[in-house]
Each structure stands twice: as C-alpha cells, then as structure tokens.
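Going by numbering that gives the first Met the number 0, the residue at position 355 of the sequence shown is 354; the numbering climbs one at a time, nothing skipped. Report on the following structure.
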Amino acid sequence: MNIAVAQSGGPTCAINASLVGVFRQALKTPEIDAVFGSINGIEGMINDDLIDLKLVIRSNEDMELLRQTPSTVLGSCRYKLPPQEDNAEVYEKILRCLEKHRIEAFFYIGGNDSMDTVVKLSAYLIGRGSKVRVVGIPKTIDNDLPVTDHTPGFGSAAKYVAATVQEIIRDSSVYSIESVTIVEIMGRHAGWLTASTCVLRANEEIAPHLIYLPERKFSVEQFVEDVRAMQAKYKAVIVAVSEGVEIPEENCRSGVVDNFGHEYLSGVGKALENIVRREIGCKVRSIELNVMQRCSSHICSKTDIDEAEEIGSRAVLAALDGETGKTMVFRRLSDIPYVVTIESVPASQVANKEKFFPSQWINAQGNDVTEAAFRYFLPLIQGEVNIAMRNGMPLHFKLK
Ligand code: F6P
Numbered sequence: 000m001n002i003a004v005a006q007s008g009g010p011t012c013a014i015n016a017s018l019v020g021v022f023r024q025a026l027k028t029p030e031i032d033a034v035f036g037s038i039n040g041i042e043g044m045i046n047d048d049l050i051d052l053k054l055v056i057r058s059n060e061d062m063e064l065l066r067q068t069p070s071t072v073l074g075s076c077r078y079k080l081p082p083q084e085d086n087a088e089v090y091e092k093i094l095r096c097l098e099k100h101r102i103e104a105f106f107y108i109g110g111n112d113s114m115d116t117v118v119k120l121s122a123y124l125i126g127r128g129s130k131v132r133v134v135g136i137p138k139t140i141d142n143d144l145p146v147t148d149h150t151p152g153f154g155s156a157a158k159y160v161a162a163t164v165q166e167i168i169r170d171s172s173v174y175s176i177e178s179v180t181i182v183e184i185m186g187r188h189a190g191w192l193t194a195s196t197c198v199l200r201a202n203e204e205i206a207p208h209l210i211y212l213p214e215r216k217f218s219v220e221q222f223v224e225d226v227r228a229m230q231a232k233y234k235a236v237i238v239a240v241s242e243g244v245e246i247p248e249e250n251c252r253s254g255v256v257d258n259f260g261h262e263y264l265s266g267v268g269k270a271l272e273n274i275v276r277r278e279i280g281c282k283v284r285s286i287e288l289n290v291m292q293r294c295s296s297h298i299c300s301k302t303d304i305d306e307a308e309e310i311g312s313r314a315v316l317a318a319l320d321g322e323t324g325k326t327m328v329f330r331r332l333s334d335i336p337y338v339v340t341i342e343s344v345p346a347s348q349v350a351n352k353e354k355f356f357p358s359q360w361i362n363a364q365g366n367d368v369t370e371a372a373f374r375y376f377l378p379l380i381q382g383e384v385n386i387a388m389r390n391g392m393p394l395h396f397k398l399k
C-alpha cells in the first residue's frame with residue numbers, strides 16, 4: 000500500500016517533526032511502499048499535486064534536519080472542505096487522486112479546522128465503500144484543541160516566547176525612568192501561549208507583571224489601574240497580552256477574515272501602548288512577537304519535537320490497525336514526573352472546537368495565572384535540541 004501526508008493551518012516548528020514521524024514509521028513498515036507528500040494541505044489531493052517523499056527525504060541526516068526545520072515543508076492551506084452535498088466534485092477529485100496513487104491511508108497534520116477535513120473526508124470515503132483510512136495528527140501553537148492535553152508545536156512556541164520575554168525584561172530594565180513594555184502574543188481566541196509566560200517564575204523572574212487573556216473580559220479602566228499599581232512596585236512594568244483580547248473602544252481589529260472565517264488578529268499591543276501613553280504618560284513600547292513565535296526553532300523544546308514525531312508515528316500504527324476518522328491525542332498521567340500517553344479519539348470531538356484556557360487558572364483580578372497553570376506548562380518546554388549549524392546559522396531542510 001501507499002500512504003499520503005499533508006500539513007495544514009498555521010505553521011509551527013514541530014509540524015515537520017510529525018511528518019518525519021509518519022515517514023520514519025512508514026520506512027519501518029514493510030507493507031507500506033510509497034509515502035506521498037500532498038502540497039499545500041488538502042489542496043494537493045484535490046489538484047493531484049503530490050511528491051514522492053522517498054525521493055526528497057533520502058537519508059537519516061535529511062530526517063534529522065527536517066525535524067529541526069520550522070514551518071511546513073509541504074506548504075499549508077486554510078481551505079475548508081465544503082459539505083458533500085454542496086460540492087461532490089471536490090470529493091470525487093480527492094478519491095481519484097487516492098485511487099490513482101494507490102493511497103490507502105491519508106494523514107492530516109493540522110489544528111481544529113483541519114480535523115474538520117478528517118471528519119468530512121473519512122465519512123465520504125466510508126460512504127463510497129473505500130477502505131482508505133484518514134487520521135488526524137494535531138498541531139498548533141494555540142494549544143486550543145479539545146481532548147488532547149496539549150498540541151505539538153505549543154511547547155516550542157511557549158519556550159521561545161518565555162525566553163524572548165526574559166530578554167525583553169533585561170532590555171527594558173536598563174534606564175532609571177519608569178517604563179511599560181507590552182508584549183503581544185499569538186493564540187487567536189485562547190490565551191494558552193500568553194499564559195505560558197508564567198514559566199519564567201521557575202527561574203525567579205517576577206515579570207511579566209500583568210498577563211491578559213481573551214478568556215476574561217478586558218476593562219481599559221482596570222488595566223490602567225493595574226499598571227499604576229505595578230508601577231508602585233516596579234520601575235519597568237512588563238505586560239503580556241494575548242492577540243485575542245478584545246478592546247472595542249480602541250477599534251484595533253483588521254476586519255479581514257480567512258477561509259474559515261477567522262479574523263486576522265494583530266494590534267492589541269499597540270492599542271495598549273496608546274492607552275498607557277494617553278492615560279499614564281510614561282515611556283511605553285509594544286512588541287508584537289508575530290510569526291517568530293511559531294517559526295523560531297533555534298530554541299525549540301526537545302519534549303515538543305520528540306512528542307511531535309512520536310504522535311506522527313503512532314498515527315500510522317492507528318491507520319494500520321484500521322482506524323479512520325480519528326485524531327491522535329495526548330493524555331497526561333502526571334506532571335512530576337511528566338508522563339503522557341498517546342491515544343486516538345473520533346476526530347469529530349476535536350474538529351471546529353476550541354479549548355480555552357481554564358477559568359480556574361486565572362487569578363481573581365483577571366491579570367495573572369495560578370500555580371496550577373505553571374505546573375501544567377513547565378514540562379512542555381523541557382529539553383533542548385542539538386540544532387545543526389553551518390556558517391554560524393541553523394541549517395534548514397529545503398525541498399529541492
Ligand atoms: O494557527 C494558529 C495561528 O498561528 C494563530 O495563533 C494566529 O492567530 C493565526 O494562526 C494566524 O493566521 P495566518 O497564518 O493565516 O496569518
């Protein structure tokens with residue numbers, strides 16, 4: 000049999016490790032012959048745009064390099080499969096592509112929107128009497144997938160964000176004057192990544208002094224009060240704010256949406272900067288970490304990269320066991336020592352749903368997180384990958 004794999008949604012620096020997991024497991028499985036990579040997610044299956052991965056990933060060194068390469072080597076998409084009734088032709092095209100290449104299992108590495116594709120495609124194939132199995136492999140820096148304890152890509156993003164915030168803390172503390180530095184962090188509607196900056200406390204860092212998440216209603220008045228209260232204690236106040244925090248009064252939304260109807264978020268940090276300048280008048284700067292937080296692999300988490308590969312490999316085993324319409328998930332058994340297991344669940348439990356940062360892990364004032372959150376995050380950022388370098392720079396795997 001042949002298999003195919005695709006990557007979808009926003010990049011992470013662990014999504015290629017999951018691809019390596021699928022590929023390496025396929026190499027170890029005698030009944031699997033070709034491994035196809037679908038270019039630009041499901042679009043590659045619709046347009047019959049596939050590459051034979053064995054021709055491009057040619058050695059163990061290639062696999063190691065791909066594991067440390069951020070983003071999606073096969074490209075990505077934000078394409079939503081239409082309901083079958085509305086556009087049967089799209090499904091027919093995918094079926095023709097699967098049949099043409101004798102593909103009997105398809106692996107989709109993606110987030111909650113991509114799991115919608117797993118649900119729809121597996122249902123269609125069952126309806127057509129096809130024995131092709133479809134299995135989802137989770138990923139997203141947003142960590143907002145239900146059921147799974149966490150998502151591949153998140154731990155590395157959290158490690159980069161925390162390390163960067165720590166450097167910002169050092170930089171912002173040099174002058175004798177009062178200052179406020181605001182760091183805007185990705186995560187769409189869920190505050191996981193912003194909340195994870197609390198891991199700095201493991202190394203006796205007090206900042207970020209204030210953490211604002213989209214799970215709590217934001218009040219401009221309360222924010223100004225919070226900043227003033229922190230300024231009474233600290234000369235350089237550091238604020239972590241999630242891109243998803245809504246401040247209707249400041250009109251900081253782009254209004255532009257993607258194919259899944261998600262708005263492009265950016266600008267809340269700037270809005271808070273303007274508020275501080277206007278209401279407090281001290282030195283203030285806002286920093287938007289932007290895509291760096293999902294593609295900075297030079298400080299990725301070894302735990303994250305290893306788990307991303309493992310969950311990819313386990314997806315192949317699930318498909319070989321005849322599973323379809325499933326998403327692979329992590330279940331955490333303990334924080335210390337950190338122990339997780341990998342299981343599969345119906346993809347419908349994950350598709351199109353968001354898991355928000357738990358309310359009980361936010362403090363009463365809505366401007367910080369609790370000790371329980373800290374215990375949850377800390378294991379996910381552990382370990383360093385020995386990044387291969389050339390000419391003083393990290394080496395990346397590139398498709399020739
Ligand atoms: O995939 C998650 C994510 O990185 C979010 O954190 C962010 O809001 C969004 O994607 C950005 O989307 P795009 O890559 O389409 O700009």
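Glycine included, each C-beta is placed from N, C-alpha and C at the ideal position.
Cα-Cα separation, residue i to residue j
i, j, result
"L64", "H395", "6 Å"
"M392", "I125", "48 Å"
"K216", "V315", "42 Å"
"C281", "V179", "7 Å"
"V443", "I386", "This structure cannot settle anything about residue 443, because the visible part of the chain is limited to 0 through 399."
"A371", "E98", "49 Å"
"L264", "V226", "24 Å"
"A350", "S343", "14 Å"
"S113", "S172", "42 Å"
"D358", "H297", "The residue you asked about is not Asp; residue 358 is Ser in the sequence shown. Cα to Cα, the separation comes out at about 32 Å."
"Q230", "E214", "25 Å"
"I80", "E287", "The question names Ile, yet the displayed sequence has Leu at residue 80. Spanning the two alpha carbons is a distance of roughly 32 Å."
"E88", "G260", "23 Å"
"S121", "V72", "24 Å"
"N362", "L94", "50 Å"
"S333", "V21", "27 Å"
"V339", "M327", "13 Å"
"D115", "A346", "8 Å"
"V384", "E60", "15 Å"
"E224", "E166", "26 Å"
"G128", "G254", "43 Å"
Sub-9 Å separation of residue i and residue j beta-carbons
i, j, result
"L18", "F35", "no"
"I2", "E103", "yes"
"M0", "D32", "yes"
"P145", "K119", "no"
"T323", "R132", "yes"
"F356", "I341", "no"
"V117", "K301", "no"
"I237", "V290", "no"
"R23", "E308", "yes"
"L398", "I45", "no"
"S285", "E306", "no"
"I205", "Y174", "no"
"F105", "V4", "yes"
"L377", "A201", "yes"
"I380", "A16", "no"
"H149", "R331", "yes"
"K354", "A189", "yes"
Close Cβ partners of residue i (< 6 Å) along its chain, the five nearest in sequence each way excluded
i, result
"D11", "For the record, residue 11 in the displayed sequence is Thr; it is not Asp. So the list reads K138, I140, G152 and R293, once near-sequence residues are dropped."
"N39", "G74 and C76"
"S70", "P10 and C294"
"C251", "G266, V267 and A270"
"V256", "E262"
"A235", "S171, S172 and S178"
Residue closest to residue i, alpha-carbon to alpha-carbon, out of the options
i, options, result
"I274", "K234, N351, S312 and E220", "E220"
"E177", "L192, I279, Q67 and S58", "I279"
"C299", "S155, I168 and S347", "S155"
"G311", "G268, G135 and K354", "G135"
"G43", "S296, A189 and Y107", "Y107"
"D85", "H297, Y123 and V198", "Y123"
"L319", "N15, T28, S7 and G20", "T28"
"K352", "E166, G110 and P378", "G110"
"R374", "V223, E248, S195 and V339", "S195"
"I14", "Q67, N390 and V89", "Q67"
"E203", "S121, A231, A228 and I168", "I168"
"V276", "M62, G260 and F222", "Reading off the sequence shown, one finds Arg at residue 276, where the question assumed Val. Among M62, G260 and F222, the Cα nearest to that of R276 is on F222."
"C96", "G8, S37, V283 and N59", "S37"
"L26", "E249, M62, E224 and I41", "M62"
Heavy atom of ligand 3 within 8 Å of residue i beta-carbon
i, result
"I140", "With respect to ligand 3, the structure offers nothing, as its ligand set consists of ligand 1."
Own chain partners of residue i with C-beta closer than 8 Å, once the 5 adjacent residues on each side are dropped
i, result
"L192", "I140, D141, N142, F153, A156, A157, V160, I184, M185, G186, S241 and Q292"
Own chain, CB closer than 7 Å to residue i, minus 5 neighbours either side, in chain order
i, result
"K92", "I45"
"Q348", "P145 and V146"
"K130", "E103"
"Y90", "Q83 and Y123"
"I246", "F217, V219, V267 and A270"
Item to check | Three-pair Cβ contact test at 8 Å for the region 240 to 251 versus the region 184 to 192 | outcome: yes
Checklist entry - Between the region 203 to 212 and the region 356 to 371, do at least 3 Cβ pairs fall closer than 8 Å? => result yes
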